[in-house]
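Novice: I'd like to ask some things about the structure below.
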Amino acid sequence: MVRESRVRRSAAQSMWYTRRVFELLDERDSPHGTIWTLQWIDRDGALHRSEFRLAWPDYDVWSPDGGLAPSTIAEAVVRFALDRPEFDPLPKVLDAAMPRRRIPGADQLIARLMT
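Take 11 as the starting number for the sequence shown in our numbering and just add one per residue.
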């Protein structure tokens with residue numbers, strides 16, 4: 011699944027947007043949740059890879075009834091992270107709980123990306 015994410019540049023860079031294309035590959039189940047290989051192309055055209063982890067407790071935050079596919083939540087969290095300066099550069103392992111720990115209100119903002 012290939013997705014695009016808008017990235018806001020700093021005020022000094024005129025607040026214009028660029029697009030980052032990303033893809034979640036190799037979905038794997040683990041005892042604690044689901045793991046993907048995340049690859050994305052940065053604004054300079056370079057390809058990068060990280061690991062993305064969605065633990066079951068984080069899944070339950072956005073889908074308490076279990077009605078959403080884990081990939082839907084993963085895509086929203088990745089789009090959110092790619093749009094935030096707090097995740098530039100993106101870590102080698104991105105966990106779905108990281109935005110929730112670093113950014114107040116991230117749960118609600120990520121939920122909006124799923125609608």
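All residues carry an ideal CB built from backbone N, CA and C; glycine is no exception.
(1) What is the DSSP secondary structure of T44, reduced to helix, strand or coil?
(2) Could you have a look at D39 and say whether DSSP puts it in helix, strand or coil?
(3) Specify the secondary structure class of I113 as computed by DSSP and reduced to three states.
(4) Does the beta carbon of I45 come closer than 9 Å to any beta carbon on chain D?
(5) Please determine, among D68, R53, D52, the residue with the shortest C-alpha to C-alpha distance to V87.
(6) Do you know whose CA, among W46, D39, A91, V31, lies nearest M108's CA?
(7) Under the assumption that E61 contacts L78 (Cβ atoms under 8 Å), give the Cβ distance between them as a whole number of angstroms.
(8) Less than 8 Å between C-beta atoms, sequence neighbours within five positions excluded: which residues of the same chain meet that for W72?
(9) Give the DSSP-derived three-state secondary structure of D70 in the structure shown.
(10) Between the Cα of D52 and the Cα atoms of W66, D36, G43, F32, which residue gives the shortest distance?
Specialist: Reading it off the structure:
(1) strand
(2) strand
(3) coil
(4) The displayed structure is made up of one protein chain only, and chain D is not part of it.
(5) D68
(6) A91
(7) Between L78 and E61 the Cβ distance is about 21 Å, and since that is not below 8 Å, they are no contact.
(8) L78, I83, A86, D117, I120, A121, M124
(9) helix
(10) F32
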